[in-house]
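Peer 1: Numbering (the numbering used here), first residue to last: 114 to 277. Cβ coordinates follow ideal geometry from the N, Cα and C atoms, glycine included. Note that this is a predicted model, so its numbers are computed, not measured.
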């Protein structure tokens, strides 16, 4: 004779399962809410960083300069893919950054029809300064946390990044 454990446990077990599902759903909702707040702060931060690089620089220009700064010489087409935008928008951003003296174009040695975008020494200096300021702020914020909390945050973010 087979025993149905759910039937044997009765309605209380079903209520516990529903409550656990609801609690889990509420916890996921709380994470979503915190991500929404974080994303808004990141967007505001990118806008502020763009202003620190050059007054009037749009966030997309900051993102492009940041990519060039990290990547070194890169083709405009690759930048368009990284930014998930069209080449004409990237071309306009590159032109704006060139006018500000933050990037320059050089011929691509592998393809004479193409050019590589490179951060100028001034563009790199401004990015490095902005990055150092941001790192100092993050360090200040997390330095009041216990080391175990910081390690746990890094582990959880790594786990999330591995699943995205």
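In angstroms, rounded to a whole number, what distance separates the CA positions of residue 244 and residue 139?
Peer 2: 36 angstroms
Peer 1: Can you find at least 3 beta carbon pairs, one from the segment 177-189 and one from the segment 230-244, that sit closer than 8 angstroms?
Peer 2: yes
Peer 1: Residue 167: which of 222, 215, 250, 224 sits nearest, CA to CA?
Peer 2: 215
Peer 1: Considering only DSSP beta bridges, list what residue 217 is partnered with.
Peer 2: 231
Peer 1: Quick check: the Cα distance between residue 193 and residue 136, rounded to an integer number of angstroms?
Peer 2: 42 angstroms
Peer 1: Entirely within the segment 133-190 and at least 4 residues each: give me those alpha helix (DSSP H) ranges in chain order.
Peer 2: Within the segment 133-190, the complete alpha helix (DSSP H) runs of at least 4 residues are 172-184.
Peer 1: On the three-pair Cβ rule with 8 angstroms, is the segment 222-230 touching the segment 187-205?
Peer 2: Enough Cβ pairs lie closer than 8 angstroms, so yes.
Peer 1: Hey, is the segment 155-169 in contact with the segment 240-255, meaning 3+ C-beta pairs nearer than 8 angstroms?
Peer 2: yes
Peer 1: To the nearest angstrom, how far is it from the Cα of residue 277 to the Cα of residue 185?
Peer 2: 26 angstroms
Peer 1: Tell me whether residue 259 sits in a helix, a strand or coil according to DSSP, three-state version.
Peer 2: coil
Peer 1: For residue 148 and residue 270, what's the separation of their Cα atoms in angstroms?
Peer 2: 12 angstroms
Peer 1: Could you compute how far the alpha carbon of residue 250 sits from the alpha carbon of residue 169?
Peer 2: 23 angstroms
Peer 1: Applying the 10 Å Cβ sphere with the 16-neighbour rule, what's the burial state of residue 232?
Peer 2: Of the residues assessed, residue 232 falls on the buried side of the cut-off, its CB having 16 or more other CB atoms within 10 angstroms.
Peer 1: To the nearest angstrom, how far is it from the Cα of residue 206 to the Cα of residue 218?
Peer 2: 12 angstroms
Peer 1: Identify whether residue 247 lies in helix, strand or coil by the three-state DSSP scheme.
Peer 2: Residue 247: helix per DSSP, three-state reduction.
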